[in-house]
Amino acid sequence: MLNNPAKIGPYLCGAGQRLLVIAGPCVIESESLTLSIAERLATAARDLPVQLFFMASFYMATRTSRESFGGTGLDDGLRVLAGVRETTGLP
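Structure representation (structure tokens):
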């Protein structure tokens with residue numbers, strides 16, 4: 103038997119629910135850029151029938167070159183994501 107809609111934390115996803123959208127940059131490059139993207143996404147989604155979750159990685163291990171930027175790291179990444187949540191209200 104399918105569990106539909108599915109419960110994800112306090113949110114419901116699936117039949118009869120607003121579309122669940124997960125969006126954001128692949129990797130956190132800087133706090134200001136990440137916050138700017140989050141603010142634009144929050145504004146765009148405000149009038150749409152969707153549930154928006156912000157996503158951005160603080161470390162990307164799937165780079166093609168070891169010299170490529172891979173992210174800010176755990177501590178800075180979590181700090182930036184907490185700031186996004188506090189500023190925009192996005193989960």
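Note that our numbering has the sequence shown beginning at 103, numbered continuously upward.
Ideal Cβ placement from N, Cα and C applies to all residues, glycine included.
All figures in this text were calculated on a predicted structure; none of them were measured in a lab.
Check whether residue i and residue j have beta carbons under 8 Å apart
i, j, result
"E141", "T190", "yes"
"A144", "L192", "yes"
"Q119", "P127", "no"
Cβ-based neighbour list, residue i, same chain, cut-off 6 Å, excluding 5 preceding and 5 following
i, result
"G179", "I130 and F160"
Cα-Cα separation, residue i to residue j
i, j, result
"S134", "L114", "31 Å"
"A158", "D149", "23 Å"
"V182", "N105", "34 Å"
Close-in-space but distant-in-sequence residues of the same chain around residue i (CB under 8 Å, 5 per side omitted)
i, result
"L122", "I110, Y113, C115, V152, Q153 and F155"
"E188", "none"
In DSSP terms, what residue i is bridged to
i, result
"V182", "None, per the DSSP bridge assignment."
"Y113", "I110"
query: Quick one: complete beta strand (DSSP E) runs, 3+ long, within the segment 116-143?
result: Considered as a whole, the segment 116-143 harbours 121-125 as its complete beta strand (DSSP E) runs of no fewer than 3 residues, in chain order.
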